[in-house]
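Engineer: Right, I'll just put the structure down here and ask away after.
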Amino acid sequence: MAKQREEFVCTACGAHSPRWTGQCVGCGEWNTVKAATPVGGFSARGGGSRSRAAALAGPEALEDLRGETAKARPTGIPALDGLLGSGLVPGAALLLGGEPGVGKSTLLLQLAALQASQGNRVVYVSGEESLPQLRGRAERLGLLGPGLMALATNNADEALAAIADMGSAPGLIIADSVQTLASPRAEGIPGSVSQVRTVSGELVEAVKRSQATLVLVGHVTKDGQIAGPKLLEHMVDTVLYLEGDRRDYSRVLRVLKNRFGPSDELLVFTMEEKGLSVVDDPSTFFLGARDASLSGAAVSVAMDGRRPFAVEIQALATKSFLAIPRRAALGFDNNRLHLLLAVLEKRLRLPLGSNDIYVKQGGGLALRDPGLDLGLAASVLSSFYDAPLPEGAAFWGELDLNGHVRPVSGHDTRLKQAGRLGYGPLLHSGTCKTLEDLRRALFGKAQG
C-alpha cells in the first residue's frame, strides 16, 4: 500500500503546505500550521467516506437513473419561494449571510414558525442564544406554536443527531451560526477555518442523505464578505445575503448563488414590530416623498438583477474653503464619484475643483448599477447651477471618460418601468449622446 502523504493546513487562512512551518506563507500568522486531521479515511482537504464509496462504485449513466425528483416545499412566503426558485428543496443546503443585527435570526425564526405550522419538522440549532432567549424572541414576534423545536448547543454532533432523527420525513434544520459550532474531528476553536470547513462539510453531507433542508447562518467580515473559507460558499446550493442599515427599517435579501433558480433576484423587506414584512412593489419604495422644485435631486431608473427601481440621487455642490475640497458619497462607490466629477470638470469645463461635493442615494439603498452615472451627473449639475431639474424627468446611462453616454443593460425594462410610473422626459443614451447634450436639454444653451 502506498504511503499516505502527510499534509499541513493553516487554521487561520486555510492555506495548505506539504511540510510544517512556524509561519504560514499565506497569511503570515505564527504557530497556526497544523497537521491535517484525516476524516473518513481522507485528509481534511479531501472528501469523506461517502465520496470514497462513490468513487469505488464507478460512474453511472444519468439517463439510466430512475427516481422522482424531490419536490420543493413552499416556505409560507410566496415572494421568498420565487426568490429561491420554488421553495425549500429536500436535501438542499442554504447559506445566509449578513451583518450583526440586520435581522437574519428574525427572518429564519419566522421561516421556522411557518414551516412548523405546515406540519413539517423544524429544529432551530442556536449556538449564540440560550433557549430562554430564543423563546423570548419568538414570543415577542408572536411565533410560538407546536412543532417549533429548538436546540441550544455548540456541539456539531448534536446538530448532526437532529438531522439523523428526521430520517426520511421532510423538515428544516437551521444552524445559527456555523461559526459557533465545533466538531471533535477538527482542530482549532469554533469559527476557525478548520472548524468551519469540517462542521459545514459534515452538516451538508448529512442533509444530502435526508429529506431535510439545511440553512446555515454565516458571519461577515469587516468588508461585508461572508466569513470563513470561500469553500463554504461552494459547498452549499444557495447563497443569500441580507443587507440593510440597522438604524433603517428596510432590508434587502439578495441571491448570490442559486442552483434551483435565478441568481440575480432580490427581495425587499421592512422591519416591523412582528418581524420582517415583504414589500410587494419595491419599484418606488426607495423613492419616498420628494419636492421636485428643489435643486440637486434627480430620479434614476436603476436595475438590480432583473428588477427595476426608481431611486432618487441627491447632490450638494457648495463653495469650499478647504485647501483640498471634500468629496463624500453615501450609497455610491467613492472612486466612481471622483471619476465622474473629473469627467464633468474636463468635458464641460466646470470649476468643480473649488467646490465641496456630497452625493447620496435616497432611501438607504446601495446600488452598483453603472446606469446611475447619468442621474448622478444631472444631480451634480442641478446643484452646481442651483436650478431644479424638469419635473418628472428620469435618467439612466453610463458615462465614459470622453463624456459620452453609453447604453446600459435592461434598457427596455427601464423604459417600460418609467412609462408605467408616468415619468417624462426620459434622458438616456437614445435621447442624449454626450454630457453637453444633457446640459443643453436640462438648462437650455451651453453654460460654462
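Read left to right, the sequence shown gives residues 20 to 467 (this note's numbering). C-beta atoms are modelled at their ideal positions from N, C-alpha and C, and glycine is treated no differently. Since this is a predicted model, take the numbers as computed values, not measurements.
(1) Give every residue of the same chain whose Cβ lies closer than 6 Å to the Cβ of Phe27, excluding the five residues on either side of it in the sequence, and list them in chain order.
(2) Using DSSP bridges, identify the partner residues of Lys123.
(3) Are the Cβ atoms of Gly390 and Val362 separated by less than 8 Å?
(4) Please report the residue range of the beta strand (DSSP E) in which Leu285 lies.
(5) Tell me the residue span of the alpha helix (DSSP H) that contains Ser398.
(6) Which residues does DSSP list as the beta-bridge partners of Leu170?
(7) Determine the direct distance from the alpha carbon of Val274 to that of Gly280, and round the result to whole angstroms.
(8) Bridge partners for Asn277 per DSSP, in chain order?
(9) Just the C-alpha distance for Val287 and Tyr268, rounded to the nearest angstrom, thanks.
(10) Identify the continuous beta strand (DSSP E) that holds Gln333 and give its terminal residues.
(11) Using the rule of at least 16 other Cβ atoms within 10 Å of the residue's Cβ for burial, across every protein chain shown, is Glu291 buried or exposed?
(12) Report all residues from its chain with a CB closer than 7 Å to the CB of Gly146; omit the five preceding and five following residues, and keep chain order.
(13) Hey, Gly324 and Leu386: beta-carbon distance below 8 Å or not?
(14) What is the DSSP secondary structure of Ser302, counted as helix, strand or coil?
(15) Along the chain, where does the beta strand (DSSP E) that runs through Val362 open and close?
(16) Within the same chain, show all residues whose beta-carbon is closer than 8 Å to that of Asn374, passing over the 5 residues directly before and after it, in chain order.
(17) Using CA coordinates, which residue listed in Ala225, His238, Leu84 and Gly101 is at the minimum distance from Glu118?
(18) Please identify the residue among Lys123, Glu79 and Leu393 whose C-alpha is closest to the C-alpha of Lys452.
(19) So Leu259 and Arg270 are in contact, right, with Cβ under 8 Å, and what is the actual spacing, rounded?
(20) Relative to the C-alpha of Phe304, which candidate in Phe328, Ser314 and Leu313 has its C-alpha closest?
(21) For a test of the three-state rule: what should DSSP assign to Ile343, helix, strand or coil?
(22) Suppose the cutoff is 8 Å on Cβ atoms and the five residues either side in sequence are ignored; what does the same chain contact list for Phe462 look like?
(23) Is the beta carbon of Gly220 closer than 8 Å to that of Thr30?
(24) Which stretch, first to last residue, makes up the alpha helix (DSSP H) that contains Ile193?
(25) Run through DSSP, which three-state label would Thr453 get?
(26) Over what stretch of residues does the beta strand (DSSP E) that includes Thr232 continue unbroken?
(27) Evaluate Gln244 with the Cβ neighbour count: other Cβ atoms within 10 Å of its Cβ, from every protein chain shown; 16 or more gives buried, anything less gives exposed.
(28) Leaving out the 5 sequence neighbours to the left and right, which residues in its chain are closer than 6 Å to Ala413 when beta-carbon positions are compared?
(29) How big is the Cα-Cα spacing for Thr450 and Asp300?
(30) So, are the CB atoms of Arg228 and Thr257 less than 8 Å apart?
(31) For Gln380, report the span of its beta strand (DSSP E) as first-last.
(32) Could you have a look at Lys53 and say whether DSSP puts it in helix, strand or coil?
(33) Going by CA-CA distance only, name the one from Gly95, Gly116 and Leu114 that's closest to Gly106.
Structural biologist: Answer, in terms of the structure:
(1) Ser36, Trp39, Val52 and Ala54
(2) Bridge partners of Lys123: none, in fact.
(3) no
(4) Per DSSP, Leu285 belongs to the beta strand (DSSP E) from Leu285 to Glu291.
(5) Going by DSSP, Ser398 is part of the alpha helix (DSSP H) stretching over Asp392 to Tyr404.
(6) Val144
(7) 10 Å
(8) In DSSP, Asn277 forms a bridge with Thr257.
(9) 11 Å
(10) Arg326 to Lys338
(11) exposed
(12) Thr172, Asn173, Asp195, Ser196, Thr199 and Leu200
(13) no
(14) In the structure shown, the three-state DSSP call for Ser302 is helix.
(15) That residue, Val362, is in no beta strand (DSSP E); its alpha helix (DSSP H) goes Asn353 to Leu367.
(16) The beta carbon of Asn374 sits closer than 8 Å to those of Ala336, Thr337, Lys338, Ser339, Pro344 and Phe403, all from its chain and outside the five residues before and after it, given in chain order.
(17) His238
(18) Leu393
(19) Contact doesn't hold; Cβ gap of about 12 Å is too wide.
(20) Checking every option, the nearest Cα to that of Phe304 belongs to Phe328.
(21) Of the three classes helix, strand and coil, the one that applies to Ile343 here is coil, per DSSP.
(22) Leu400, Tyr404 and Ala406.
(23) In this structure, the beta-carbon distance from Thr30 to Gly220 does not fall below 8 Å.
(24) That residue, Ile193, is in no alpha helix (DSSP H); its beta strand (DSSP E) goes Gly190 to Asp195.
(25) Thr453: strand per DSSP, three-state reduction.
(26) Ala231 to Gly237
(27) exposed
(28) Val318, Val320, Ala437, Tyr442 and Leu445
(29) 28 Å
(30) Contact check for Arg228 against Thr257 fails: the beta carbons are separated by 8 Å or more.
(31) Asn374 to Gln380
(32) strand
(33) Gly95
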